[in-house]
Amino acid sequence: DAALYRAKGAGRGRTEVYEPSMEQATTAGVHRELIAAIEHDQLVVHYQPIVDLTDLQVVGYEALVRWQHPHRGLLLPGAFLSSIQEAGLSVPLGQLVATQVVDFVAHTSDQTRWVSVNVSADQLGDGEFATTLLAEISRHRVAPGRIVVELTESSLVASGTRIRHELTQLSAAGVPILLDDFGTGVSPLSYLRDLPVAGVKLDMSFTSGIPEDPTAGRVARALGALARELAMVTIAEGIENEQQADYLHRNGWRYGQGWLFGGAQPGESIP
Ligand code: C2E
Ligand code: MG
Ligand code: MG
Ligand code: MG
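If you read the sequence shown in UniProt numbering, its first letter stands for residue 460, the second for the next number, and so on.
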């Protein structure tokens, strides 16, 4: 199939095959397929390690959804997330991710590790996500701080009072909120002040500029200083080599994530 291409590096020694978009298929067909995928448990969560850059120990994971497609192989979110949103399936997606993640956290052998979950603005607002997540957390008797929610700056900026209420509800229950893709949003600073944000994830566009682009490095350093000034947790994304890891660690980024430390892998392969 000419539309398929290979993405290397998403996990050492593994090759993921996916389609860049599903535009060729009819919208209604894709929506039907996605509903079937949810019913047949084809949407599965993989886990990418997050390490402490001080000693390279794994401290947690980011949950990243994949579609184990019966014919097309393992699809990455870029190939189907927008279709999920268009089909109005964001709420069921959030529920299945929340269920899988809390179950994983409850059964993982290292009970100090946490897992962060990506949430889009359209998954929030009606209280369903917070309700589902907090119910799963108490059902499995998991410490709330071991589940973390990641939200992009842009979805925070677009968010209304109901979304903010839901975030405050999660934060008050002990679930930390992280600002994802930090540094790429429109007006982050007032949000850092006004919303219950526990930490930031440096967007990988800054990481990938290190060391060739001195400006990327300086911005990363300044954003790290800002986050530390606000007593926030700092996590740098997209670390692919040791130079990047060293630079970011020396410049205030405590935690790191990226192919240097490992790609996303199925929960079953994590002890
Ligand atoms: P994100 O939250 O910024 O996730 C990080 C993305 O960077 C992931 O892509 C990850 O596989 C990739 N990545 C990790 N390390 C490296 C690296 O060293 N180099 C490079 N080049 N890339 C790296 P992925 O899995 O394709 O996810 C893409 C986006 O889809 C995520 O961006 C997130 O915004 C969204 N997403 C993933 N899972 C979910 C979910 O369950 N719900 C929602 N609402 N969104 C999700
Ligand atoms: Mg994320
Ligand atoms: Mg990110
Ligand atoms: Mg990103």
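No residue lacks a Cβ here, since even glycine has one placed at the ideal position from N, Cα and C.
Keep in mind that this is a model prediction, so the values were computed, not measured.
Three-way DSSP call (helix, strand, coil) for residue i in this model
i	result
histidine 530	coil
alanine 580	helix
proline 635	coil
glycine 715	strand
proline 603	helix
Residue i to residue j span [Cα, whole Å]
i	j	result
leucine 555	arginine 525	12 angstroms
leucine 548	isoleucine 494	8 angstroms
leucine 626	alanine 589	8 angstroms
arginine 709	glutamine 703	10 angstroms
serine 728	phenylalanine 720	15 angstroms
leucine 689	glutamine 716	21 angstroms
alanine 574	glutamine 559	Note on identity: in this sequence residue 574 is valine, with alanine being the wrong assignment. Distance between the alpha carbons of valine 574 and glutamine 559: 11 angstroms.
phenylalanine 539	histidine 530	15 angstroms
leucine 685	phenylalanine 641	11 angstroms
valine 518	glutamine 570	10 angstroms
glycine 658	isoleucine 622	18 angstroms
valine 550	alanine 557	11 angstroms
leucine 592	alanine 631	13 angstroms
proline 536	leucine 638	19 angstroms
aspartate 576	glutamate 671	Reading the sequence as shown, one finds valine at residue 576 and not aspartate. About 31 angstroms.
Opening and closing residue of the beta strand (DSSP E) in which residue i lies
i	result
serine 575	573–577
threonine 611	606–611
histidine 505	502–511
Residues of its chain near residue i, where Cβ-Cβ distance is below 6 angstroms and the 5 sequence neighbours each way are ignored
i	result
residue 454	The displayed coordinates of the chain run from 460 to 730. Any statement about residue 454 would go beyond what the structure contains.
threonine 485	none
valine 564	Val574, Val601, Arg605
8 angstroms Cβ shell around residue i - same chain, five flanking residues per side excluded
i	result
tryptophan 712	Leu512, Leu661, Ala679, Gly683, Thr693, Ile694, Ala695
alanine 723	Ala469, Gly470, His505, Tyr506, Gln507, Glu521, Leu523, Arg525
glutamate 545	Thr486, His490
aspartate 514	none
Residue span of the alpha helix (DSSP H) that contains residue i, given as start and end
i	result
glycine 488	486–498
glutamine 516	Element bounds for glutamine 516: n/a, residue is neither H nor E.
arginine 598	587–598
serine 630	620–631
Neighbourhood of residue i by C-beta, 7 angstroms cutoff - its chain only, sequence neighbours within 5 removed
i	result
alanine 675	Phe665, Gly668, Ile669
Which ranges would you report for the beta strand (DSSP E) in the region 534–577 if only whole runs of at least 3 residues count?
-> 573–577
If you scan the region 640–713 from start to end, which runs of the alpha helix (DSSP H) of 4 or more residues do you find wholly inside it?
-> 647–653, 663–667, 673–688, 701–709
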